[in-house]
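Chains as they are written, first to last, in the working numbering: chain G, 1 to 266; chain P, 267 to 532.
Idealized CB from N, CA, C, for every residue including glycine.
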């Protein structure tokens, strides 16, 4: 786990970049809404050479948000928050993040201009203007869809929770993120019981400690199988271990199936 | 947030019971697998009068697991972990949780008996026997599906990550959990823009501070709308606030739609 605190500059040669996602919302914890931002962000960050090392799902409570933001921004290179920046009374993320940084919140004229691209002036009521309240000194993050911006303070990126807005916002600023070498991954599946492979898998993992090898069971068309996922920044390192995995599966009498085209996203 | 540490006994009259879910697995953070256990547990705990107050998604790393378990078991009444108790080298949850409690891990003869209900003795290889390694002093949690048990130490419940096993295991021990009064919820939806309602909603929330009122936007059949979710243990408290919400919507010229039959699960 990285000890970095603050996004690294482009000139640095840091090897491992890490991030944390804080999902804010009672509706996620009550099971009313199924999160869709975690998997999206994990895959996107991986493409940028940044490892999503942790995610926290927390409630709409100021002290809880302040604690989570301050704990994680000291521990990871990047922190992303999702949810709670809309126009209603239960949207308290902006004030809570400001509180974590000990900053005041004020109406931001640039943010008002952004909202006026989406709303007519006479429709920009008090509630909508709430979405232009931004902590002093924060950098605005463009929202290509509904124009209500997110913001960035140091290494903390505050975003809306609605998945299509979260995704559009992320794409609008991801060029600003500095990462390392993307991790490549390769999955090899077979219809065989996981525990039969365990001992041989341990041997392969010990022979290639640098390659992360995960074993995941699945059921497809009623048949049980296992997916072995190999992850490493270098394709060549993966291939050496992958050849051994394929040979091992054949020695157990099953044909390995390669999941191609899943580089860096599975 | 509760300050309890340790499950309360049945005689106690504690009002608010809280829980944390720790989802363990690199595959969740890389986006390879979409979690399905959080929403399930949130709804189930709610039925038992226990509030899922936080969830953490962490990687397969012993120090990380130890830290998450020790931080959360002191903060919440119940902690549930999901993932990492299978037969392969990347399954390190059992040893990590033991480490958090400073306990040794040994082969548990009761767990071996459970595995023998599923596997023939000659098929109980070394890898499968790994699933009978249990921290000393832990209570086994039955697994009605594949028989590999989870375990409980104090207020920490260690479970498999595969959703159907996670769910079956939870149902097998949920009668042991002590909770308060279940929180009822009632959702009222309308095709209207959220920000138009914001000021009136704030007024209703201020008039009923005990009822938790959440506002969630949605798009259905191409039309934008808002769901207003009211939550409280007493149906009567919800109904008073719900009547005001319906009247408020009609005053804005839209017809409120009640989502019936969603008690305690939305």
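Within the same chain, show all residues whose beta-carbon is closer than 7 angstroms to that of residue i, passing over the 5 residues directly before and after it, in chain order.
i	result
residue 60/G	24, 25, 26, 84, 90 and 92
residue 471/P	479
residue 115/G	124, 128, 131, 132, 147 and 148
residue 139/G	151 and 152
residue 462/P	518
residue 508/P	452, 454 and 496
residue 524/P	454
residue 28/G	35 and 57
Here's the rule: buried if 16 or more other CB atoms are within 10 angstroms of the residue's CB, otherwise exposed. What is residue i?
i	result
residue 127/G	buried
residue 159/G	buried
residue 485/P	exposed
residue 429/P	exposed
residue 81/G	buried
residue 490/P	exposed
residue 203/G	exposed
residue 253/G	exposed
residue 310/P	buried
residue 175/G	exposed
residue 372/P	exposed
Under 6 angstroms Cβ to Cβ from residue i, same chain only, skipping five residues before and after it: list those, please.
i	result
residue 320/P	286
residue 231/G	183, 185 and 212
residue 302/P	429
residue 352/P	none
residue 100/G	66, 69 and 70
residue 510/P	470
So who's on the other strand from residue i, going by DSSP bridges?
i	result
residue 250/P	Residue 250/P is absent from the model: chain P starts at 267 and stops at 532.
residue 525/P	453/P
residue 213/G	230/G
residue 490/P	485/P
residue 393/P	DSSP output for residue 393/P lists no bridge partner at all.
residue 23/G	57/G and 82/G
residue 93/G	According to DSSP, residue 93/G bridges with nothing at all.
residue 18/G	51/G
Return the chain-ordered list of same chain residues with a C-beta closer than 8 angstroms to the C-beta of residue i, the five sequence neighbours on each side being excluded.
i	result
residue 513/P	none
residue 104/G	98, 135 and 136
residue 383/P	413
Hey, would you say the C-beta of residue i is under 8 angstroms away from at least one heavy atom of the ligand PLP?
i	result
residue 184/G	Summarising the ligand content, the structure contains no ligands, and the ligand PLP is consequently not present.
Of all the CB atoms in chain B, is at least one closer than 9 angstroms to the CB of residue i?
i	result
residue 177/G	Included in the structure are the protein chains G and P, with no chain B among them.
For the stretch 81-103 of chain G, which residues have a CB atom closer than 7 angstroms to at least one CB atom of chain P, in sequence order? 86, 87, 88, 89 and 90
Alpha helix (DSSP H) runs wholly inside the stretch 310-354 of chain P, at least 4 long, in chain order: As for any alpha helix (DSSP H) of minimum length 4 sitting wholly inside the stretch 310-354 of chain P, the runs are 328-341, ordered along the chain.
If you measure beta-carbon to beta-carbon, which residues of the stretch 212-237 of chain G are closer than 8 angstroms to chain P? Taking a C-beta cut-off of 8 angstroms against chain P, the contacting residues of the stretch 212-237 of chain G are 212, 213, 214, 215, 216, 217, 229 and 231, listed in chain order.
Starting from the N-terminal side, write out each stretch of the beta strand (DSSP E) that is 3 residues or longer and does not extend beyond the stretch 405-435 of chain P. 405-407, 416-419 and 422-425
At a Cβ cut of 7 angstroms, what residues of the stretch 463-475 of chain P count as close to chain G, listed as they run along the chain? 464, 465, 467, 468 and 471
Residues in the stretch 47-62 of chain G having any Cβ partner in chain P nearer than 9 angstroms: 51, 52, 53, 54, 55, 56, 57, 58, 59, 60 and 61
Residues within the stretch 378-393 of chain P neighbouring chain G, beta-carbon criterion of under 7 angstroms: 391, 392 and 393
Identify each residue in the stretch 397-410 of chain P for which the Cβ-Cβ distance to at least one residue of chain G is less than 7 angstroms, and report them in chain order. none
Members of the stretch 280-299 of chain P near chain G, C-beta cut-off 9 angstroms: 287, 289, 291, 292, 293, 294, 295, 296, 297, 298 and 299
Tell me which residues of the stretch 162-176 of chain G have at least one Cβ-Cβ distance to chain P shorter than 8 angstroms, keeping chain order. 162
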